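Peer 1: Quick note on our numbering: the sequence shown kicks off at 10 and runs consecutively. Just so it is clear, CB atoms sit at the ideal spot from N, CA and C, and this is done for glycine as well. Please read these numbers as outputs of a predicted model, since none were measured by experiment.
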Amino acid sequence: MSNVIAKIEKEQIKTDIPEFRVGDSITVHTRVVEGDKERIQLFAGIVISRKGSGLNQAYTVRKISYNEGVERVFPLNSPKVAKIEVNKLGSVRRARLHYLRSRKGKKAMTVKDLATNRAE
Numbered sequence: 010m011s012n013v014i015a016k017i018e019k020e021q022i023k024t025d026i027p028e029f030r031v032g033d034s035i036t037v038h039t040r041v042v043e044g045d046k047e048r049i050q051l052f053a054g055i056v057i058s059r060k061g062s063g064l065n066q067a068y069t070v071r072k073i074s075y076n077e078g079v080e081r082v083f084p085l086n087s088p089k090v091a092k093i094e095v096n097k098l099g100s101v102r103r104a105r106l107h108y109l110r111s112r113k114g115k116k117a118m119t120v121k122d123l124a125t126n127r128a129e
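1. Between the beta-carbon of THR39 and the beta-carbon of GLN50, is there less than 7 Å?
2. From TYR68 to SER58, what does the alpha carbon distance come to, in whole angstroms?
3. Kindly indicate which residue of LYS23, ALA117 and VAL13 has the alpha-carbon position closest to the one of VAL90.
4. What ranges does the beta strand (DSSP E) occupy inside the region 12-88, keeping only unbroken runs of at least 3 residues that lie completely in it?
5. With a threshold of 16 other CB atoms inside 10 Å of the CB of ARG71, please say whether the residue is buried or exposed.
Here it is, written out as structure tokens:
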């Protein structure tokens, strides 16, 4: 039974996803359907967590919009996500960055930059 499920999941997993980690600044291009029209909406922010595995993997992106923190959880393999762009690599020492929720202003979006030396 699990072989059948694994086979179906393998067909639905996206292969064009760039590698990104918690702390990276990314832009997520999402497809938005309004009536009979479809458009692409951008959501740019810092990845504060990743959870799940395989087909059920998801990530949370946080941004500051009009002095208010906004978070969205995106399924990694969703057909609604058109593209993911990695803007800036970040260097963090935690798996979850929920402490950014209590910060205000520029400190809420500041993560140590990682220019080149990420061990891949």
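Peer 2: So, from the listed chains and residues:
1. In the sequence shown, residue 39 corresponds to position 30, counting from 1. In the sequence shown, residue 50 corresponds to position 41, counting from 1. Note that the C-beta distance between THR39 and GLN50 is below 7 Å.
2. For this step, residue 68 is matched to residue 59 along the sequence shown. For this step, residue 58 is matched to residue 49 along the sequence shown. Rounded to whole angstroms, TYR68 and SER58 show a C-alpha spacing of 6 Å.
3. Within the sequence shown, residue 90 is the residue found at index 81, counting from 1. Cα-wise, what sits closest to VAL90 is LYS23.
4. If only uninterrupted beta strand (DSSP E) runs of at least 3 residues are considered, those enclosed by the region 12-88 are 34-43, 46-60, 67-74 and 77-84.
5. On the sequence shown, residue 71 is found 62 positions in, with the first residue counted as 1. Burial of ARG71 is indicated by the presence of at least 16 other C-beta atoms within 10 angstroms of its C-beta.
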